[in-house]
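One structure is given here, and the rest of the page talks about it.
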């Protein structure tokens, strides 16, 4: 390659040196780095992980809605008065029926007094946990409830056997099943418990 710069030798020299530098290997202008992908973290900044999916609480899972109450009076085997939320409520146990203690015509029915004494012994002055079903009150305005002796961790048969007083009355033969739709949440279990008590001759099933 030949360049002619008449009368300007210094300018010619500078042009030739500049062309030589530009053509030399490794002297190309630095290229900008490719853009980082959208989910890449900046250098030195820890990448944030996606939050783990949270388990869904099922109806039969650990959370069973209850009302904490204090039993202040026992009417008979399946009815009590409680103090709940700053008010007094008359509570009828859902799904079970004990013999009457104050029947208008017959007075105390067989085993009615025993059932009333047992309920008073177990509940009076105790803190309980009331679970409601579909229908919250009966035609007399009484609160309908499953009475838990301890806060339930679920609705399994094991929990019901150990902690629910309605079930205890059936298993010990102080009550019979009384299913009134739509309150049927534990109806199948209650039938099973009554059958067990009857086969063992518990309480009112004694021959």
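Numbering (this note's numbering), first residue to last: 14 to 220.
Glycine included, C-beta positions come from ideal geometry on N, C-alpha and C.
What you are looking at is a predicted structure, and each value in this text was computed from that prediction instead of being measured.
Excluding residues up to 5 positions away in sequence, 90, 91, 109, 110, 111, 128, 182 lie with their Cβ nearer than 7 Å to the Cβ of residue 188 in the same chain. Nearest Cα to residue 138 within the set 213, 85, 99: 85. For residue 151, no alpha helix (DSSP H) encloses it, and the DSSP letter there is neither H nor E. Annotated three-state conformation of residue 106 is strand, per DSSP. In the three-state scheme derived from DSSP, where H, G and I count as helix and E and B as strand, residue 131 is classed as helix.
Here residue 135 really is in contact with residue 178; their C-beta atoms are around 7 Å apart, less than 8 Å. Using a C-beta cut-off of 8 Å, the segment 189 to 206 makes contact with the segment 142 to 159, since at least three inter-stretch Cβ pairs fall below that distance. When the beta-carbon positions are compared, residue 88 and residue 95 stay at least 9 Å from each other. Excluding five sequence positions before and after residue 125, the CB atoms of its chain that fall closer than 6 Å to its own CB belong to 112, 113, 114, given in chain order. Around the C-beta of residue 207, 16 or more other C-beta atoms lie within 10 Å, and the residue is accordingly described as buried. Put simply, the backbone Cα of residue 168 is about 28 Å away from that of residue 99.
Contact check for residue 162 against residue 141 passes: the beta carbons are separated by less than 9 Å.
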